[in-house]
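> Residues are numbered in our numbering as their position in the sequence shown, beginning at 1, plus a constant of 262.
Backbone N, C-alpha and C fix where the C-beta goes; we use that ideal spot for every residue, glycine too.
Predicted model only: the values in this text are computed from it and were never measured.
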Amino acid sequence: MVGIGLDAKETLNGTAIEVRQLHRWFRGNHVLRGLDLKIREGTATAIVGSSGAGKSVLLKHMIGLTKPDSGSIFVFGEELTGKTGMALEAIQRRFAMVFQGSALLNSLTVGQNVGLGLTEERRLSRKQVDDIVREKLALVGLEGKESQLPGELSGGMKKRVGIARALAMDPDIILFDEPTTGLDPVMAERIDTLMADLKNKLRKTTVIVTHDMDSAFKTSDHIAMIYEGKIIEQGSPEEFWRSTNPTIEQFISRFKRHGTEEGL
Ligand SMILES: Nc1ncnc2c1ncn2[C@@H]1O[C@H](COP(=O)(O)OP(=O)(O)O)[C@@H](O)[C@H]1O
Ligand SMILES: [Mg+2]
């Protein structure tokens, strides 16, 4: 189990997450309006859309952190909606989330932060935890940084620690909420490169929520756009680039002016 995901799954086309007719209101605000989406196993899917479109709300529904008003969610074929307690926790253990602000504990070292979830599970020896921490830090390019404190790290490095912590749990699905938001362009580029690299190496099911088209094009196999509470378009990065849907065209026009198709 230490060799996370390196034994890439055979069934790359199964459905990891299925969202069916999801509706969610916040008082008078109808945020999700009958949203349907399938996330395929072993692929990296970017969910894009403007700020406030409902991307984070959708992610929270996918891992059962909040309940829909109607509609359902299936994780590897098992219905998540309506589950509580241990049954819900069992499904939630299949996910790891990389939070926007990294959410590291400042009083713990980098190594302790990465190993935290493993230590809490109490199934592993000290040495096993240390080995996993070392391996995951190496994967994100932070070899030997175990004893540093989060306060000593740059924003991009903290993000890497957050990614290592998610990988340490050996989840079936990793969710990223705005992985490049708040980083300067150089750091953002490095995180995109790392995510693309991990995608190719690990072949994990990944969901990346972002308003950054540049990041979506670089890090995903599939892009879905959320607009007015629904997925209005989805496809490969190439299909997205060529879309003639005016809403998509407008959303990616700023990126098109600066980027080139070669960047796909
Ligand atoms: N807990 C909440 N209470 C009330 N409104 C919320 C809550 N969470 C999200 N919203 C609203 O839902 C909409 C979508 O939010 P969000 O999913 O965070 O957008 P984004 O696409 O930027 O991630 C916004 O209008 C936001 O104000
Ligand atoms: Mg958000």
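For V471 and G403, what's the separation of their Cα atoms in angstroms?
Rounded to whole angstroms, V471 to G403 spans 23 angstroms at the Cα level.
> So, using beta-carbon positions, are D439 and Q362 closer together than 7 angstroms?
Contact flag set, yes.
> Would you list, in sequence order, the uninterrupted alpha helix (DSSP H) runs of no fewer than 4 residues that lie entirely inside the stretch 461 to 521?
Fully enclosed alpha helix (DSSP H) runs of 4 or longer: 475 to 481, 499 to 503 and 508 to 520.
> Using 6 angstroms as the cut-off, classify the Cβ of K466 as near or not near the heavy atoms of ligand 2, replying yes or no.
Checking the Cβ of K466 against ligand 2 gives no.
> Would you identify the three-state DSSP class for V264, choosing helix, strand or coil?
Note on V264: pLDDT 42, under 50, position unreliable in the model; the coordinate value appears next. Here V264 sits in coil by DSSP.
> In terms of residues, what are the limits of the alpha helix (DSSP H) holding S318?
Run containing S318: K317 to M324, per the alpha helix (DSSP H) assignment.
> Quick one: Cα of E490 to Cα of F288, how far?
One C-alpha to the other measures close to 14 angstroms.
> So for R356, helix, strand or coil by DSSP?
Here R356 sits in coil by DSSP.
> Measuring CB atoms only, is the stretch 471 to 487 touching the stretch 307 to 315, in the sense that at least three cross pairs come out at less than 8 angstroms?
The stretch 471 to 487, when compared against the stretch 307 to 315, does touch it at the 8 angstroms Cβ threshold.
> Confirm, please, whether the CB-CB distance from R427 to V376 is below 7 angstroms.
Result yes, Cβ atoms of V376 and R427 sit closer than 7 angstroms.
> Alpha carbon to alpha carbon, what distance is there between L297 and N291?
Rounded to whole angstroms, N291 to L297 spans 15 angstroms at the Cα level.
> Tell me, to the nearest whole angstrom, how far the beta carbon of A349 is from that of K461; I am working on the premise that it is less than 8 angstroms.
Incorrect: roughly 30 angstroms between the Cβ atoms, too far for contact.
> Just to check, is the beta-carbon of G326 closer than 6 angstroms to a non-hydrogen atom of ligand 1?
Incorrect: G326 has no Cβ contact closer than 6 angstroms to ligand 1.
> Taking the CB atoms as reference points, tell me whether L366 and P412 lie closer together than 7 angstroms.
Going by C-beta atoms, L366 is nearer than 7 angstroms to P412.
> What residue from S409, L399 and I435 has the CA that sits closest to K421's CA?
Of S409, L399 and I435, the residue nearest in Cα terms is L399.
> Quick check on this structure: which residue in D393, R286 and D476 has the alpha carbon closest to the alpha carbon of T204?
Coverage of the chain is limited to positions 263 through 526, which leaves residue 204 absent and any answer about it impossible.
> Please list the terminal residues of the continuous alpha helix (DSSP H) segment that includes G344.
Segment: none, G344 is in no alpha helix (DSSP H) and carries neither H nor E.
> Ends of the alpha helix (DSSP H) at L443?
The amino acid occupying residue 443 in the given sequence is Thr; Leu does not appear at that position. Here T443 belongs to no alpha helix (DSSP H), and DSSP marks it neither H nor E.
> Between the Cα of R396 and those of S364, L429, G497 and R385, spot the shortest distance and give me the residue it belongs to.
Checked all of S364, L429, G497 and R385; the closest Cα to R396 is L429.
> Relative to the C-alpha of H323, which candidate in M359, P508 and G304 has its C-alpha closest?
Nearest of M359, P508 and G304 to H323, Cα basis: M359.
> If you count every other CB in all the chains shown that lies within 10 Å of the CB of Q512, and 16 or more means buried, which is it?
Burial call: exposed.
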